[in-house]
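J.: Shown below is the structure under consideration.
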Amino acid sequence: MHKLSGYFLATAVSFAALPLAADTKPAQPNDFIEVFAKLSGDHKGMRKNHAKGVCAVGDFTASQAGVDHFDTDVFSGKTLPVVYRFSLPGGNPMIPDNARAPRGFAAQFSLPNGSKHNIATLNVPVFAAKDPDTFLGLLQASAPATDGKPDMAKLAAFKAAHPDTKPLEQWLGSHQPPYSYATAEYFGIHTFYIRGKNGEQTKVRFQLKPQDGIKGLTDAELADKNGDFLSQRLTERLQGGPVNFDWVVSFGQSEDSVNDPTQQWPDDRKTLTVGTLRLTSSGDDSCTKLNFDPNVLSRGFSASDDPVLRMRSPAYAISFGKRLSGQ
Numbered sequence: 008m009h010k011l012s013g014y015f016l017a018t019a020v021s022f023a024a025l026p027l028a029a030d031t032k033p034a035q036p037n038d039f040i041e042v043f044a045k046l047s048g049d050h051k052g053m054r055k056n057h058a059k060g061v062c063a064v065g066d067f068t069a070s071q072a073g074v075d076h077f078d079t080d081v082f083s084g085k086t087l088p089v090v091y092r093f094s095l096p097g098g099n100p101m102i103p104d105n106a107r108a109p110r111g112f113a114a115q116f117s118l119p120n121g122s123k124h125n126i127a128t129l130n131v132p133v134f135a136a137k138d139p140d141t142f143l144g145l146l147q148a149s150a151p152a153t154d155g156k157p158d159m160a161k162l163a164a165f166k167a168a169h170p171d172t173k174p175l176e177q178w179l180g181s182h183q184p185p186y187s188y189a190t191a192e193y194f195g196i197h198t199f200y201i202r203g204k205n206g207e208q209t210k211v212r213f214q215l216k217p218q219d220g221i222k223g224l225t226d227a228e229l230a231d232k233n234g235d236f237l238s239q240r241l242t243e244r245l246q247g248g249p250v251n252f253d254w255v256v257s258f259g260q261s262e263d264s265v266n267d268p269t270q271q272w273p274d275d276r277k278t279l280t281v282g283t284l285r286l287t288s289s290g291d292d293s294c295t296k297l298n299f300d301p302n303v304l305s306r307g308f309s310a311s312d313d314p315v316l317r318m319r320s321p322a323y324a325i326s327f328g329k330r331l332s333g334q
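Numbering (our numbering) for the sequence shown: 8 to 334.
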């Protein structure tokens, strides 16, 4: 895959530096479903984004530090069953596993009271654009023209007018894609609030750090045109025992961005390891009918007003409905 086309497929992940023209309508949830189809083709009954992926199951247990610091049902100290899904971006279920594109890692926790808690992460620390309008514009500018290829001049002009689209491109260009789903660090990207033991809401972002360590592809693996290995490598790794990720929370300060997922927080922010996500098996259909909307939160958590995060719920719902009805 061409490096640039792979990147723009990657932006269909799982959103203006310039104001909208008077006759331009704000981005709507179904606009993203339609542009994903233009970018990747219309694959009936598949997720409209992150179509290629693999399910896994396991559990989560909060650390004592997480239990002591936060007042939540997830960080209760009880071991909670979890269904996971790893994925690649875009609506093409045949995207090569060595594409220079983000990897996704989502989880749904089942709590004793019957409620659910979702997280959705990427192995990149920033999103493709700061708001839905810019993200939609980027995707539309990346879509094939009449000759089947993107209009690169149009695309370059859009990016030049929207510098918030640069951080993800720069990160992807300077980091190798992961060797395995188990050897990537994943980022929540968005800001959330978690209630502390003192009753106050704490501004946080989070990361999932692999206990196996971080490992990227070699140049030879990147050059392989038939890259299809991530699911198999995860299965083989799990034959040797559970795969574990540390859930690490970063505490935001007043100057840290809340509603712009293209802005990283400084690395020196205070952190706390709040528990361990454990994967015990992969490859079944346990996640097939799940919708990993990251706005589905349990007691003690609340979402920020990040417009990209807010747009995820209706866009995911449309994709979920189409998938279940075979569209």
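For each residue, glycine too, the CB sits at the ideal point set by N, CA and C.
From a predicted model like this one, the values you see are computed outputs, not experimental measurements.
1) When you compare only the Cα positions, how much space is there between M175 and M318?
2) When we look at the beta-carbon of S181 and count the other beta-carbons within 10 Å, is it buried (16 or more) or exposed?
3) Ignore the nearest five residues each way along the sequence and tell me which others in L292's own chain have a CB closer than 7 Å to its CB.
4) If you compare alpha carbons, which of A230, Q239 and V250 is closest to D338?
5) For F236, which of helix, strand or coil comes out of DSSP?
6) For D38, I'd like the list of residues in its chain whose CB is within less than 8 Å of its CB, leaving aside the five on either flank, ordered along the chain.
7) Can you tell me which of the three DSSP states D30 falls into?
8) Do K204 and D80 count as a contact pair if the criterion is CB distance below 8 Å?
9) Evaluate contact between the region 298 to 307 and the region 121 to 130, counting only Cβ atoms and requiring at least three cross-stretch pairs below 8 Å.
10) With 16 other CB atoms within 10 Å as the buried threshold, where does D171 fall?
11) According to DSSP, what are the bridge partners of P88?
12) CB Y186 to CB S309, shorter than 8 Å?
13) Could you give the DSSP three-state label for L297: helix, strand or coil?
T.: Taking the coordinates as given:
1) Sequence check: residue 175 is Leu here, not Met. C-alpha separation (whole angstroms): 19 Å.
2) It is exposed - the Cβ of S181 has fewer than 16 other Cβ atoms within 10 Å.
3) A quick correction: the sequence has Asp, not Leu, at residue 292. Apart from the 5 residues on each side of it in sequence, D292 sits with its Cβ closer than 7 Å to the Cβ of C62 in its chain, given in chain order.
4) Here the chain covers residues 8 to 334 and nothing more, so residue 338 does not appear.
5) Coil at F236, not helix or strand.
6) Excluding positions up to five away in sequence, the list reads L143.
7) Confidence in D30 is poor, its pLDDT being 48 and thus under 50, which makes the residue's placement unreliable; the coordinate value appears in the next sentence. DSSP, read as helix, strand or coil, puts D30 in coil.
8) No.
9) Touching, yes.
10) Counting Cβ neighbours within 10 Å, D171 comes out buried, since at least 16 surround it.
11) According to the DSSP secondary-structure assignment, P88 is paired through a beta bridge with D66.
12) Taking 8 Å as the Cβ cut-off, Y186 and S309 do not qualify as a contacting pair.
13) Reduced to three states, the DSSP call for L297 is coil.
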